[in-house]
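In what follows, a single structure is set out as structure tokens and then discussed.
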Amino acid sequence: MKEAEKIKCLIIGSGPAGYTAAIYASRANLSPVLYEGIQPGGQLTTTSEIENFPGYPDGISGIAMMDELKKQAARFGTDIRPGIVTGCDLSQSPFQVTIDGKKSVEAKTVIICTGATAKYLGLPDENKYMGMGVSACAVCDGFFYRKKNTAVVGGGDSACEEALYLAGLADKVYMIVRKSYLRASQVMQERVLNHPKIEILFNTNTLGLFGENGVEGAHLIRFAGEPNEERFDIAIDGFFLAIGHKPNSDVFKDYLDLDENGYIQTVWGTTKTNVAGVFAAGDVADPHYRQAVTAAATGCIAAIEAERFLTRG
Ligand code: NDP
Numbered sequence: 564m565k566e567a568e569k570i571k572c573l574i575i576g577s578g579p580a581g582y583t584a585a586i587y588a589s590r591a592n593l594s595p596v597l598y599e600g601i602q603p604g605g606q607l608t609t610t611s612e613i614e615n616f617p618g619y620p621d622g623i624s625g626i627a628m629m630d631e632l633k634k635q636a637a638r639f640g641t642d643i644r645p646g647i648v649t650g651c652d653l654s655q656s657p658f659q660v661t662i663d664g665k666k667s668v669e670a671k672t673v674i675i676c677t678g679a680t681a682k683y684l685g686l687p688d689e690n691k692y693m694g695m696g697v698s699a700c701a702v703c704d705g706f707f708y709r710k711k712n713t714a715v716v717g718g719g720d721s722a723c724e725e726a727l728y729l730a731g732l733a734d735k736v737y738m739i740v741r742k743s744y745l746r747a748s749q750v751m752q753e754r755v756l757n758h759p760k761i762e763i764l765f766n767t768n769t770l771g772l773f774g775e776n777g778v779e780g781a782h783l784i785r786f787a788g789e790p791n792e793e794r795f796d797i798a799i800d801g802f803f804l805a806i807g808h809k810p811n812s813d814v815f816k817d818y819l820d821l822d823e824n825g826y827i828q829t830v831w832g833t834t835k836t837n838v839a840g841v842f843a844a845g846d847v848a849d850p851h852y853r854q855a856v857t858a859a860a861t862g863c864i865a866a867i868e869a870e871r872f873l874t875r876g
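Counting from 564, one number per residue, gives the positions in the sequence shown under the working numbering.
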């Protein structure tokens, strides 16, 4: 049998956490190998403008920023490869990791930066109209809704961001918000509340979608279960989900401690998991902050901790 490739520091994922870990690990001579995962560049490649990453006073597009981070990691010698981790055995060191179901590598340290994936409501109609009006990424698909009517589900920062992006293209954007208030930051709330094309439907949930050859509208319910409950339809061409994310931790669940929502648990203030030599950084281990800058910071910590683990045990 072919011998597995031996790696000192394996980094899984290519968002801000993965690339920052790569920059630090390569500068520390750990010869890191980074597998990019399902979405090279991570979630930021589906964001429009990043306004809150320090060092970009005029903002920067998500794709441009991830491109710069990739170049910076490559400059110091990170071996960046396409590939998805499909299996692992973290029961003993060196750790066995399978890529794309076929290639095996043996890693002395593993830094998991697999991020998180958009959630859906779980309505059968979401599957029925997937790619035919249902999307979880306005930046990816908003172009198809120029001068049309759209709806965004959610009341957090992501939903506001998606709604504002769509408002730049579409004629009308509804925000379907299940509570009586938005959860988003003050600045984002003000922007959506003051936008002439955005109408916020508070206390409202989605029952289903309808349409012949794609989404033509949504069945909604306001004040569900209350005396003033009301059912009504809106005419829309695009239905966008922005209701949060699920951490991409499934492949590691047999070995690592996860919280009740699937986030990898780390020792407070570090990126150490319950397995010595395995570290987790970025959104896969962060139910609280989920920012590009915090992901980058934990990627840095993970690389420093991996270096210390390799030299001091
Ligand atoms: P959040 O968890 O903050 O918000 C999710 C929203 O979706 C909430 O309004 C929630 O409602 C709603 N929701 C959840 N489940 C359902 C459901 N089944 N049906 C209807 N509505 C539902 O997620 P975000 O992705 O918006 O943000 C995640 C983190 O990333 C936050 O910390 C945010 O600040 C940050 N972020 C920052 C940005 C920026 O600074 N520019 C941009 C994007 C994200 P409810 O409030 O009722 O729970």
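We treat Cβ as the ideally placed atom computed from N, Cα and C, and that holds for glycine. The structure displayed is predicted, hence computed values, not measured ones.
Spatially closest choice to I601 from N690, C651, T829, S577, by CA coordinates: Residue mapping note: residue 601 aligns to position 38 of the sequence shown, counting from 1. Closest option to I601, Cα to Cα, is S577.
Reduced DSSP secondary structure (H/G/I, E/B, other) of I763: By 1-based counting over the sequence shown, the position of residue 763 is 200. Strand, per DSSP.
Cβ of S656 within 8 angstroms of any chain C Cβ: Chain labels in this structure do not include chain C; a single protein chain is all it has.
Through-space distance from L727 to V716, alpha-carbon basis: Indexing the sequence shown from 1 puts residue 716 at position 153. Indexing the sequence shown from 1 puts residue 727 at position 164. About 13 angstroms.
Residue closest to P603, alpha-carbon to alpha-carbon, out of A580, A869, F616, W831: Here residue 603 refers to the residue found at position 40 when the sequence shown is read from its first residue. Nearest Cα to P603 within the set A580, A869, F616, W831: A580.
Nearest residue (CA-CA) to F765, options C676, D849, S589, R741: What you label residue 765 is simply residue 202 of the sequence shown in a count that begins at 1. Here the closest residue by C-alpha is R741.
DSSP-derived helix/strand/coil call for Q659: Within the sequence shown, residue 659 is the residue found at index 96, counting from 1. Three-state DSSP puts Q659 in a strand.
Spatially closest choice to K816 from D734, D800, V841, L804, by CA coordinates: The count along the sequence shown starts at 1 and reaches residue 816 at position 253. The shortest Cα separation from K816 among D734, D800, V841, L804 belongs to V841.
S656 Cβ short of 7 angstroms to the ligand NDP heavy atom set: In the sequence shown, the residue the question calls residue 656 occupies position 93. Flag unset: Cβ of S656 not near the ligand NDP.
Backbone CA spacing between P657 and E870 [nearest angstrom]: Residue numbering aside, residue 657 sits at position 94 when the sequence shown is read from its first letter. Residue numbering aside, residue 870 sits at position 307 when the sequence shown is read from its first letter. So the two alpha carbons sit approximately 15 angstroms from each other.
Beta-carbon proximity check, A866 vs A584, cutoff 8 angstroms: Residue mapping note: residue 866 aligns to position 303 of the sequence shown, counting from 1. Residue mapping note: residue 584 aligns to position 21 of the sequence shown, counting from 1. In this structure, A584 lies closer than 8 angstroms to A866 by Cβ.
E724 CB to nearest heavy atom of the ligand NDP below 7 angstroms: As a position in the sequence shown, residue 724 is number 161, starting the count at 1. Yes.
Nonlocal neighbours in the same chain, by C-beta distance under 8 angstroms from E540, ignoring five residues either side: Because residue 540 is not part of the residues shown, which for the chain are 564 to 876, the question remains open.
The ligand ZN heavy atom lying under 7 angstroms from the CB of N690: Absent from the structure shown: the ligand ZN. Ligands present: the ligand NDP.
Helix, strand or coil at A795 according to DSSP, with G and I counted as helix: Sequence index remark: in the sequence shown, residue 795 carries index 232 (1-based). First, the residue type needs correcting, since residue 795 is Phe and not Ala in the sequence shown. If DSSP states are grouped into helix, strand and coil, F795 belongs with the strands.
Residue from E566, E599, R785 with nearest C-alpha to D663: Counting from one through the sequence shown, the residue named residue 663 turns up at place 100. Of the listed residues, the one whose Cα sits closest to D663 is E599.
Local Cβ density within 10 Å of A839, reported as buried at 16 or more and exposed below that: Locating residue 839 in the sequence shown gives position 276, counting from the first residue. Exposed: under 16 other Cβ atoms inside 10 Å.
Whole-angstrom distance between V660 and E566, CA atom to CA atom: The count along the sequence shown starts at 1 and reaches residue 566 at position 3. The count along the sequence shown starts at 1 and reaches residue 660 at position 97. If you take the alpha carbons of E566 and V660, they lie about 13 angstroms apart.
Counted within 10 angstroms of its Cβ, other Cβ atoms place S812 as buried (16 or more) or exposed: Counting from 1 along the sequence shown, the entry for residue 812 is found at position 249. Under this definition S812 is a buried residue.
Proximity test, R526 beta-carbon vs the ligand NDP heavy atom, cut-off 7 angstroms: Residue 526 lies beyond the range of the chain shown here (564 to 876); nothing can be said about it.
In DSSP terms, what C572 is bridged to: Residue mapping note: residue 572 aligns to position 9 of the sequence shown, counting from 1. Paired residues: T672.
Buried versus exposed call for S698 [16 or more other C-beta atoms within 10 Å across all chains shown]: Counted from its first residue, the sequence shown places residue 698 at position 135. Under this definition S698 is a buried residue.
Sub-8 angstroms separation of S778 and L770 beta-carbons: In the sequence shown, residue 778 corresponds to position 215, counting from 1. In the sequence shown, residue 770 corresponds to position 207, counting from 1. Residue identity differs from the one stated: residue 778 is Val in this sequence, not Ser. Taking 8 angstroms as the Cβ cut-off, V778 and L770 do not qualify as a contacting pair.
Check whether G845 and G719 have beta carbons under 8 angstroms apart: As a first step, residue 845 is located in the sequence shown; it is residue number 282 there, counting from the start. As a first step, residue 719 is located in the sequence shown; it is residue number 156 there, counting from the start. Contact flag unset, no.
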